Structures are given as C-alpha cells and as structure tokens.
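This report refers to the structure that appears directly beneath it.
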Ligand code: PHE
C-alpha cells in the first residue's frame, strides 16, 4: 500500500511543477500540451486522483480534499493563461499597449452654427459685399422707435398689423427691425447704407408658419437721388446670389406706414420653379420681404430734408428664407433645440 506521505509529496511536487511550466509557456500549443500532461485522461494529476483509493482509509478524506483543491487551482491558472494568450494574439501579438493604427477613427463631437445663424450670416455677407455696413439695435424698444417715429399714427389700425408684446410703461419687444433706421438717422447724416440683422417678437398664434419670435434683416440706403430702381437692383442681386440666377422676382404694391410707395417682393418658387407645388400653394410665387421708398414723414421726424434726400428700405424674414433654402415646412423646428434636426445642417 502506497504511503500517504509519499502521495502528498508527489501531489505537491506536481502542483509546483505544473504552475511553473504554465507560467513559462506562452504559445497556445504549449499550454494545450500542459493541459494534456497534467489534467488529461491519463494526466499526472488525474492519475494521482485515481490512486487515492489505494491509500489507507483514514487518510483519504484529507488527501482527497487537497487533491481536488490542487486540481482546480491548476485548471484555473491554465484557463486564465490561455485566455490572456488569446487576447494578445487578437491584437497582433504585440501585447499590452499595442495600438492598431489601421482601425477606423472614432468621430469626435463637432459644433456648428444653428441653421438660422448660418443663413443670417450668409444674408449679411451678401449685403456687406455690396457695400452695406452692419448696425445693431436693442430688442427692447420704446413705442416711439418701433411705431411713432415710423409714421404709425396713434390709434391707427396699422399698429394692429403687428401684434405687440408690451412691457412696462412705454417699453415693448420690437416687432420689426425698422426702428434701427430711426436710431441710425438720429445719429448720422446721409449717405448711409446699412444692414441690420436682429431678433423680433410678435404676439401671434403659433403654428407651422409663424412663431412668437423670428429673425429679420433690415436694409436701408439714404442719399441724394436714390430711386426705386436702385432698390430693385440691390434686391435682385441679393436673390440671385442666395438662390441662383434662374429665380425671378416680382414686386407687388403693398402698404407700410414708413414707406411710400411700398412693395412686397416675391420670388418664383424655389421648389417647383414656378409651376406650382404645395410649398407655394400652387401660386408659383413665394413672398420673402417687404420694401419701399422711405416715407418723407420719417425723414421729417429725424430732421432730414425730404427735398434733398431719398432712400429705400427693405426687411426680410430670415426664418422664412431658411425654410425655403433648406426646404423645412415648420418654423417651430428652429426653436426646439432638437439635435436630430440641428445636426443635419
Ligand atoms: N418692417 C416691415 C415688417 O416687418 C418690413 C419692411 C421693412 C417694409 C422695410 C418696408 C421697409 O413687416
């Protein structure tokens, strides 16, 4: 009968040997050989376990427990080693810190301007290229600049054309960018050629076509001998630059208290080319701005001699132009900060 001592010695020797060779082996092939040598059907550890039954009965439980512990330890160390080896081979056998330069890069976050800002900048740039300076005015205006100085008589229905958000006292949120005309005229003498982009506010029912706030770009030119032909020339050049040469313009007679004569300007539908579609409501034309020759009453109010000076003014909705340019059918999308929408621009 084999002695318990000898068995324990062999077991511990085998454990030591197995763990050492696992540590020293790096090839998967070599590790598989080790598995067979120690844990295979006729492996050393397997055989030792089988010979347990030949030991004296009272020694068996303790040595059986020890044998099982050693067997599972060797198994686990071997499995871990095989796993590590497989991972290393997967990154090209280069080991820890290996960087695969052939992997496609991860795309980083990239900021960009809001679509309205992009169109606004485009519009301003076109007029800047035609010799217009850029000016700014406040969003919170007084009744005087927003209405009275622009020849909106008190209690005249013209004031109802633009539903106004009134603030405390005489203050209100500007309903258009035209008050900047007055502010500039008060400070300067002609010739003046200015473009003034800015936010406007109107207390209107919100729907796909109108929102409570929007961007406008106002332009005006005052000098001796400015004519309606100059206005047509500048607006045509602008439209052709922004939408392309094959877009037609149409000037329709209209009314604004601060211009005379006044016009609304349409362009041939940029979607259907004028044939008629749902965007132009089968009219073939799209309205993009209001314009006219500055009313002599406005000149009188700011102290310009209406006999000496003449000028034109125009105001366009940036949101509307952006909707046409990008073919967006709901203005509210510009104000919802939905990244899925904004990332398209
Ligand atoms: N301020 C006008 C509006 O908001 C547009 C306009 C500007 C008309 C300049 C004529 C001249 O409706």
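Residue numbers (this note's numbering): 87 to 431. Just so it is clear, CB atoms sit at the ideal spot from N, CA and C, and this is done for glycine as well. These numbers were taken from a predicted model, which means no experiment stands behind them.
Short Cβ contact (8 angstroms threshold) for residue 294 with residue 418: Start at 1 with the first residue of the chain shown, and residue 294 comes out as number 208. Start at 1 with the first residue of the chain shown, and residue 418 comes out as number 332. In this structure, residue 418 lies closer than 8 angstroms to residue 294 by Cβ.
Alpha carbon of residue 255 to alpha carbon of residue 232, nearest angstrom: As a first step, residue 255 is located in the chain shown; it is residue number 169 there, counting from the start. As a first step, residue 232 is located in the chain shown; it is residue number 146 there, counting from the start. Each residue's CA atom was taken as its position, placing residue 255 and residue 232 some 14 angstroms apart.
Candidates 162, 167, 237, 135, of which the one nearest residue 94 by Cα: Along the chain shown, read from residue 1 onward, the residue named residue 94 stands at position 8. Checked all of 162, 167, 237, 135; the closest Cα to residue 94 is 135.
Inter-residue CB distance, residue 236 and residue 384 (contact presumed, cutoff 8 angstroms): Translated into the one-based positions of the chain shown, residue 236 becomes position 150. Translated into the one-based positions of the chain shown, residue 384 becomes position 298. Rounded, the Cβ-Cβ distance is 6 angstroms, consistent with contact.
Cβ-heavy atom distance, residue 342 to ligand 1, below 7 angstroms: In the chain shown, the residue the question calls residue 342 occupies position 256. Answer for residue 342: yes, Cβ within range of ligand 1.
Pairwise C-alpha distance: residue 202 and residue 56: There is simply no residue 56 to check, as the chain begins at 87 and stops at 431 in what is shown.
Collapsed DSSP secondary structure at residue 398 in the structure displayed: Locating residue 398 in the chain shown gives position 312, where the first residue counts as 1. Correct three-state label for residue 398: strand.
Closer than 7 angstroms: residue 296 CB and nearest ligand 1 heavy atom: Taking the first residue of the chain shown as 1, we reach residue 296 at position 210. The nearest non-hydrogen atom of ligand 1 is 7 angstroms or more from the C-beta of residue 296.
Environment of residue 188 [buried if 16+ CB atoms lie within 10 Å]: Against the chain shown, residue 188 aligns to sequence position 102. Taking all protein chains in view, the Cβ of residue 188 is surrounded by fewer than 16 other Cβ atoms within 10 Å, so the residue is classified as exposed.
Closer than 7 angstroms: residue 282 CB and nearest ligand 1 heavy atom: Your numbering for residue 282 matches position 196 in the chain shown. No, since every heavy atom of ligand 1 falls outside the 7 angstroms radius drawn around the Cβ of residue 282.
Residue nearest to residue 351 in terms of C-alpha spacing, selected from 337, 343, 117, 301: Counting from one through the chain shown, the residue named residue 351 turns up at place 265. The option with the nearest alpha carbon to residue 351 is 337.
Buried versus exposed call for residue 266 [16 or more other C-beta atoms within 10 Å across all chains shown]: Residue 266 sits at position 180 when you count from the first residue of the chain shown. By the neighbour-count rule (16 or more Cβ atoms within 10 Å), residue 266 is buried.
Within the stretch 198-237, ranges of the alpha helix (DSSP H) (whole runs, at least 4 residues): The qualifying runs are 201-215, 229-232.
Limits of the unbroken alpha helix (DSSP H) element including residue 309: By 1-based counting over the chain shown, the position of residue 309 is 223. Segment 299-309 is the beta strand (DSSP E) holding residue 309; no alpha helix (DSSP H) there.
Element boundaries [alpha helix (DSSP H), containing residue 195]: What you label residue 195 is simply residue 109 of the chain shown in a count that begins at 1. No alpha helix (DSSP H) holds residue 195; DSSP gives it neither H nor E.
Beta-carbon proximity check, residue 397 vs residue 309, cutoff 8 angstroms: Stepping through the chain shown from its first residue, residue 397 is reached at position 311. Stepping through the chain shown from its first residue, residue 309 is reached at position 223. Taking 8 angstroms as the Cβ cut-off, residue 397 and residue 309 qualify as a contacting pair.
Entirely enclosed beta strand (DSSP E) segments - the stretch 119-169, minimum 3 residues: Those beta strand (DSSP E) runs which fall completely within the stretch 119-169 and span 3+ residues do not exist here.
As assigned by DSSP and simplified to three states, the class of residue 75: Outside the shown range of the chain (87 to 431) lies residue 75, about which nothing can therefore be said.
Beta-bridge partners of residue 377, as assigned by DSSP: The residue given as residue 377 occupies position 291 in the chain shown. Per DSSP, 349, 400.
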